[in-house]
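Taken in sequence, the protein lines are chains A and B.
Just so we're aligned, residue 1 is where the first sequence starts under the numbering used here, counting upward by one.
Just so we're aligned, residue 329 is where the second sequence starts under the numbering used here, counting upward by one.
Protein chains: 2
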Amino acid sequence: MKALVYTRPLEVTYRDEPDPVAQSGEALVRIDAVGICGSDMHGYHGHDPRRVPPLVLGHEAAGEVVAGARKGRRVILNPLVTCGRCDYCRGGRANLCPQRKLIGMNRPGAFAELIAMPEENLIEVPAGMGATVAAVTEPAATALHAMHLGGRVLVRPINEARILVLGGGSVGLLSALWARAMGGRSVLVGETNALRRASIQNAGLEAYDPLTTQPEENAFDLIIDAVGAKATRAAAICAVRPGGVIVHIGLLDSAGEADWRKITLQEVTVIGMYTYTAVDLAASAAALHEGRLGNLTWVEERPLSEGARAFADLHHGRTAAAKIVLRP
Amino acid sequence: MKALVYTRPLEVTYRDEPDPVAQSGEALVRIDAVGICGSDMHGYHGHDPRRVPPLVLGHEAAGEVVAGARKGRRVILNPLVTCGRCDYCRGGRANLCPQRKLIGMNRPGAFAELIAMPEENLIEVPAGMGATVAAVTEPAATALHAMHLGGRVLVRPINEARILVLGGGSVGLLSALWARAMGGRSVLVGETNALRRASIQNAGLEAYDPLTTQPEENAFDLIIDAVGAKATRAAAICAVRPGGVIVHIGLLDSAGEADWRKITLQEVTVIGMYTYTAVDLAASAAALHEGRLGNLTWVEERPLSEGARAFADLHHGRTAAAKIVLRP
Chain A
1 MKALVYTRPL EVTYRDEPDP VAQSGEALVR IDAVGICGSD MHGYHGHDPR
51 RVPPLVLGHE AAGEVVAGAR KGRRVILNPL VTCGRCDYCR GGRANLCPQR
101 KLIGMNRPGA FAELIAMPEE NLIEVPAGMG ATVAAVTEPA ATALHAMHLG
151 GRVLVRPINE ARILVLGGGS VGLLSALWAR AMGGRSVLVG ETNALRRASI
201 QNAGLEAYDP LTTQPEENAF DLIIDAVGAK ATRAAAICAV RPGGVIVHIG
251 LLDSAGEADW RKITLQEVTV IGMYTYTAVD LAASAAALHE GRLGNLTWVE
301 ERPLSEGARA FADLHHGRTA AAKIVLRP
Chain B
329 MKALVYTRPL EVTYRDEPDP VAQSGEALVR IDAVGICGSD MHGYHGHDPR
379 RVPPLVLGHE AAGEVVAGAR KGRRVILNPL VTCGRCDYCR GGRANLCPQR
429 KLIGMNRPGA FAELIAMPEE NLIEVPAGMG ATVAAVTEPA ATALHAMHLG
479 GRVLVRPINE ARILVLGGGS VGLLSALWAR AMGGRSVLVG ETNALRRASI
529 QNAGLEAYDP LTTQPEENAF DLIIDAVGAK ATRAAAICAV RPGGVIVHIG
579 LLDSAGEADW RKITLQEVTV IGMYTYTAVD LAASAAALHE GRLGNLTWVE
629 ERPLSEGARA FADLHHGRTA AAKIVLRP
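In structure tokens form, the structure reads like this:
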């Protein structure tokens, strides 16, 4: 098969790779669409010790089963492969399974024509939903998981909350779209890239440039840090309202001081979060299919064979798209 | 009246002070018992910019109304004076009122024979409850608030949780006692002072010395950091189980890195918290009176006139008591 292989930092190569072989309990899926995630970029930059080249990256995927129990069905991949037996798996938090593996990280990824996946990791695509939209399910589920964990700690309903999203990549943008879909009365997105800010505004959301503007201090009930850098953590703690909630999704870097004085004296809750559950994925597929997250004009399709160019464009900030989806 | 006045770092002086004058809506209360808090010690060390000498410290107090609507009634003080009108006050989170003032910090404190307090800050002492036990209500409410905020984020009932408390001062010890009272199956307290460890063990709890022993990594569902120092924050993040909760109460220092990588990838929630609500205070008074928090053998009474010695003993770690209560 053809695959886009991360061969060394700042290099992905479209080349022939051996076809995957489905093990017992696995299906063989032909990939129709697969998105480039910020974490793929993090790997591509050589900054993720868990992503070691040569490696097929990619975990935001939809396709069709070509061998397995559900042959012929169109499916979205749950890219998180877990044991299914531990307390986390059985308690609705499979994303914390100590045995968890992620395709495109410690299993082969989906920037390829074919992938072998456990049958239980296949989620049916709603009838009539396109592959590219289906591939957006995964980042939408990450954003939903963030809104869910954050909303659960808020003392008042989420539709009363002032919400700030730091980072207008797909997870940030989808968090803002979920916030709007949940009735959030005020949703603001901080994004440094001017092209992306225009896309965010096209999606009907308010955006600002954190390099020139600071959001109001002590003002936001819920903050989604979809970057996870020293600067965004500091901005989040500054902007959060007393008693407010910060959800920390991204992990651009993990160092830096935090203002523990404000966190403590103003009773701020900081929630770390990782991925999603199968329930988040199913709910996200339904919401995308029903148009509850808008029209996705910020998603751009390109051929997988031109993946190297897509990675380079993202690296140089040359695209307005919050999400590039590759089509094998 | 006589009062114990914080006159400069490492000095409190027992001396004559003018009697307080009750303003409209205030009662005059004769203090019967008032505990020394870790935050009083923090002020005494000159490390709290909010506590400026000369200042009467002390906010964990019980006494009797000598002038006001409830003259003759025995009362516990809610030391947090709030506006009563903002969304926080009316929404059950008066501890976050932007106008909040704390006696012994930005209002005169209770290390004195008399104090003027707003009528709405008086909580009736349960019939038959001694003044010294009543004075423990305030730290018990802080601990209850921590357990409540932490427990609300846990995914499973608190009685299934493995609980670690860092710091065996009164708030730490009371957190552990609340954890036991709530059915916590495993409660462990870290405390560096050997005398205090003995008191913790006398209270029927398990204690260890963090200078020589490290608690199991990735093992605790709920961690109460009742110290709030660089070292305890690091220990908490190390010991917390994936998906677990850290409640950050103390504020010994506010600097230091945090392991954002673990917080994010293992979905850890960190909750900053400050004081309590009037509901926490009332629930704590009831629990103390009913003996649900044990027999309080770790509380020591001393005369207010010997307060300087008590502060010095706490400073030098020369007492086994997790709480010294001063009696004017």
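We put the beta carbon where it would ideally sit given N, CA and C, even for glycine.
Fair warning: this is a prediction, and the values are worked out from it, not measured in the lab.
- If you ignore the 5 residues before and after histidine 373/B, its C-beta comes within less than 8 Å of the C-beta of Pro337, Leu338 and His643, all in its own chain and listed in chain order.
- Boundaries of the beta strand (DSSP E) around methionine 445/B: 442-446.
- Note that the segment 50-68 of chain A touches the segment 129-145 of chain A; at least 3 beta-carbon pairs, one per stretch, sit closer than 8 Å.
- Spanning the alpha carbons of proline 538/B and glutamate 519/B requires a straight line of approximately 6 Å.
- For aspartate 87/A, the number of other beta carbons within 10 angstroms of its own is below 16, and it is reported as exposed.
- Remark: C-beta atoms of valine 153/A and valine 627/B do not approach each other more closely than 8 Å.
- Here the C-alpha atom of aspartate 48/A lies approximately 10 Å from the C-alpha atom of aspartate 253/A.
- If you look at isoleucine 237/A, you'll find it in the alpha helix (DSSP H) that goes 230-239.
- For tyrosine 44/A, there are no neighbours in chain B by C-beta distance under 8 Å, as the nearest C-beta there is about 19 Å away.
- Taking C-alpha positions only, glycine 458/B is separated from arginine 655/B by approximately 12 Å.
- For arginine 418/B, the uninterrupted alpha helix (DSSP H) segment begins and ends at 415-418.
- When 7 Å is used as the limit between beta carbons, isoleucine 599/B is near these residues of chain A: Thr269, in chain order.
- Excluding residues up to 5 positions away in sequence, Lys230 and Arg233 lie with their Cβ nearer than 7 Å to the Cβ of glycine 256/A in the same chain.
- Contact between leucine 166/A and valine 227/A holds, with the beta-carbon distance rounding to 5 Å and staying under 8 Å.
- Counting along the chain, the unbroken alpha helix (DSSP H) around threonine 264/A starts and ends at 260-265.
- The three-state secondary structure of alanine 389/B, taken from DSSP, is strand.
- For tyrosine 372/B, the enclosing alpha helix (DSSP H) starts and ends at 366-372.
- The closest CA to that of leucine 114/A, considering only Tyr274/A, Arg302/A, Ile271/A and Lys2/A, is found on Lys2/A.
- Membership of threonine 142/A in the alpha helix (DSSP H) is indicated by the continuous run 137-153.
- Counting only residues of its own chain and dropping the five nearest sequence neighbours on each side, glutamate 534/B has a CB closer than 6 Å to the CB of Leu516.
- As summarised for the segment 173-253 of chain A, the continuous beta strand (DSSP E) elements at least 3 residues long and confined to that stretch are 186-190, 206-208, 220-225 and 240-248, given in chain order.
- Excluding sequence positions up to five before and after arginine 74/A, its CB lies within less than 6 Å of the CB of Glu64 and Val125, all in the same chain and listed in chain order.
- Under the DSSP assignment, valine 333/B falls in the beta strand (DSSP E) whose first and last residues are 330-336.
- Taking CB atoms only, proline 570/B has a neighbour in chain A less than 8 Å away.
- Contact of isoleucine 263/A with chain B is assigned, a C-beta pair being separated by under 8 Å.
- For arginine 637/B, the enclosing alpha helix (DSSP H) covers residues 635-643.
- Just measuring C-alpha positions, the residue of Thr541/B, Phe439/B and Asn487/B sitting nearest arginine 630/B is Phe439/B.
- In the three-state scheme derived from DSSP, where H, G and I count as helix and E and B as strand, alanine 134/A is classed as helix.
- When CB distances to chain B are screened at a threshold of 8 Å, the residues of the segment 88-102 of chain A falling below it are Tyr88, Gly91, Gly92, Arg93, Asn95, Leu96 and Pro98, in chain order.
- Per DSSP, alanine 355/B is not a residue of any alpha helix (DSSP H); the beta strand (DSSP E) it occupies stretches across 354-363.
- For a Cβ distance threshold of 8 Å, residue set Asp259, Trp260, Arg261 and Thr264 of chain A lies close to serine 582/B, ordered along the chain.
- Spatial neighbours of asparagine 406/B in its own chain (CB-CB distance under 7 Å, excluding positions within 5 residues in sequence) are listed in chain order as Asn449, Ile451, Ala606 and Leu609.
- If you ignore the 5 residues before and after alanine 611/B, its C-beta comes within less than 7 Å of the C-beta of Leu472, all in its own chain and listed in chain order.
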